Amino acid sequence: MKKALLVVSFGTSYPETRKLTIEQVEKDLSAAFPDRKFFRAWTSRMIINAIRKKTGEQILSVSETLDEMLKEGIRDVLIQTTHFVPGIEYNRLLSDIDAFKDKFDSIRIGAPLLSSGEDRIKVAHVLRNKFDFIEKDSVLLFMGHGTDHPVNAVYDDINRIFREFRYDNFFLGTIEARPDISDTALWLREKNPSKIYLTPFMLVAGDHANNDLAGDKDDSWKSVLTRENYEVSAILKGMGEYDGIRAIYVDHAINAESV
4 MKKALLVVSF GTSYPETRKL TIEQVEKDLS AAFPDRKFFR AWTSRMIINA
54 IRKKTGEQIL SVSETLDEML KEGIRDVLIQ TTHFVPGIEY NRLLSDIDAF
104 KDKFDSIRIG APLLSSGEDR IKVAHVLRNK FDFIEKDSVL LFMGHGTDHP
154 VNAVYDDINR IFREFRYDNF FLGTIEARPD ISDTALWLRE KNPSKIYLTP
204 FMLVAGDHAN NDLAGDKDDS WKSVLTRENY EVSAILKGMG EYDGIRAIYV
254 DHAINAESV
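The opening residue of the sequence shown carries number 4 in the working numbering; numbering runs sequentially from there.
Next up, the structure:
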């Protein structure tokens, strides 16, 4: 029986961070499942079209990729998403997959990165180990994406875990939900840090990281905090660069469930 591994990402138009994050996750997953043919799909049609127009590279959507698998005679599909939370984008992915579930002998999917409380604790520990150089009188401020889906509560849970494990100079805010930059500012006033490090709580260091987090525009987090007279430094690394994060995706793929 022909078997496939499909790694699904939102996508990025930033080629350097793509190599360091999305493609590294893909490599680790491919190494874990050498008996499966590798396929890639992205869920952002806007990014797919932008790359196609700029470079000519043909990145397929989930539905297009599953169609391609059928043409190749593949019968068994293992899907791993690189999404962080089971929110709006993930539900769209499940809807796309649902249209194909009767066309294959088996389709299984691994959970997003932050699906369980255990996952979130693992992620917090990975980040603590990666950022153990942060001085005690400084803080590390993460920017997550955020969503109006109820799963946004995951971000508050990450902050709770930071406090539970005494990672007291770590804080996670979001760009599109709560906690936002205002919540973050209140926390910073309590801490009164000598320095603030900014880094994305996202798979890639793409548009949000380069512009909304660390850009020169007036409303970037870096600009807002600099105007508050903080010393600010940005660490523009997507979380896909961290081997401990990639290992969680591999574990989720190993424990994938049928759709």
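Every residue gets a Cβ at the ideal spot worked out from N, C-alpha and C, and that includes glycine. Keep in mind the model is a prediction, meaning the values are calculated, not measured.
Closest residue to residue 18 among 42, 55, 39 and 7 (Cα-Cα distance): Counted from its first residue, the sequence shown places residue 18 at position 15. Among 42, 55, 39 and 7, the Cα nearest to that of residue 18 is on 55.
Local Cβ density within 10 Å of residue 223, reported as buried at 16 or more and exposed below that: Taking the sequence shown and counting its residues from 1, one reaches residue 223 at position 220. Classification of residue 223: buried, given that the 10 Å Cβ count is 16 or more.
Residue from 107, 90 and 226 whose Cα sits closest to the Cα of residue 75: In the sequence shown, counting from the first residue as 1, residue 75 sits at position 72. Selected option, being the one with the closest Cα: 107.
Assigned secondary structure, residue 181 (DSSP; H/G/I helix, E/B strand, else coil): Looking up residue 181 in the sequence shown gives position 178. Of the three classes helix, strand and coil, the one that applies to residue 181 here is coil, per DSSP.
Test item: CB-CB of residue 184 and residue 176 under 8 Å: Position 181 of the sequence shown, counted from the start, is the residue given in the question as residue 184. Position 173 of the sequence shown, counted from the start, is the residue given in the question as residue 176. For residue 184 and residue 176, yes; Cβs fall inside 8 Å.
Contact under 8 Å by Cβ, residue 51 with residue 7: In the sequence shown, counting from the first residue as 1, residue 51 sits at position 48. In the sequence shown, counting from the first residue as 1, residue 7 sits at position 4. Taking 8 Å as the Cβ cut-off, residue 51 and residue 7 do not qualify as a contacting pair.
Residue 112 (DSSP reduced to helix, strand or coil): Counted from its first residue, the sequence shown places residue 112 at position 109. If DSSP states are grouped into helix, strand and coil, residue 112 belongs with the strands.
Option in 123, 67 and 72 with minimal Cα separation from residue 266: It is not possible to answer for residue 266, since the shown part of the chain is limited to 4 through 262.
Within 8 Å, strictly: CB atoms of residue 38 and residue 249: Taking the sequence shown and counting its residues from 1, the one referred to as residue 38 is at position 35. Taking the sequence shown and counting its residues from 1, the one referred to as residue 249 is at position 246. In this structure, residue 249 does not lie closer than 8 Å to residue 38 by Cβ.
Residue 247, enclosing beta strand (DSSP E) - first and last residue: The count along the sequence shown starts at 1 and reaches residue 247 at position 244. Counting along the chain, residue 247 falls outside any beta strand (DSSP E), though it belongs to the alpha helix (DSSP H) covering 246 to 257.
Pairwise C-alpha distance: residue 90 and residue 153: In the sequence shown, the residue the question calls residue 153 occupies position 150. In the sequence shown, the residue the question calls residue 90 occupies position 87. The alpha-carbon atoms of residue 153 and residue 90 are separated by roughly 8 Å.
8 Å Cβ cutoff met for residue 215 and residue 178: Counting from one through the sequence shown, the residue named residue 215 turns up at place 212. Counting from one through the sequence shown, the residue named residue 178 turns up at place 175. Yes, the Cβ-Cβ distance between residue 215 and residue 178 is below 8 Å.
Between the CA atoms of residue 230 and residue 220 - distance to the nearest angstrom: By one-based count along the sequence shown, residue 220 stands at place 217. By one-based count along the sequence shown, residue 230 stands at place 227. Distance between the alpha carbons of residue 220 and residue 230: 12 Å.
Local conformation of residue 209 per DSSP, three classes: Along the sequence shown, read from residue 1 onward, the residue named residue 209 stands at position 206. Looking at residue 209 - three-state DSSP - the assignment turns out to be coil, as it is neither helix nor strand.
Inter-residue Cα distance where the pair is residue 101 and residue 42: As a first step, residue 101 is located in the sequence shown; it is residue number 98 there, counting from the start. As a first step, residue 42 is located in the sequence shown; it is residue number 39 there, counting from the start. Looking at the two C-alpha atoms, the distance is approximately 18 Å.
Through-space distance from residue 252 to residue 126, alpha-carbon basis: The sequence position of residue 126 within the sequence shown is 123, counting from 1. The sequence position of residue 252 within the sequence shown is 249, counting from 1. Distance between the alpha carbons of residue 126 and residue 252: 11 Å.
Reduced DSSP secondary structure (H/G/I, E/B, other) of residue 39: Residue numbering aside, residue 39 sits at position 36 when the sequence shown is read from its first letter. Coil, per DSSP.
Close beta carbons around residue 24, own chain, < 7 Å, minus the five adjacent residues each side: Start at 1 with the first residue of the sequence shown, and residue 24 comes out as number 21. So the list reads 206, 207, 241, 243 and 244, once near-sequence residues are dropped.
Closest by C-alpha distance to residue 151, when choosing among 141, 182 and 174: In the sequence shown, residue 151 corresponds to position 148, counting from 1. Cα-wise, what sits closest to residue 151 is 182.
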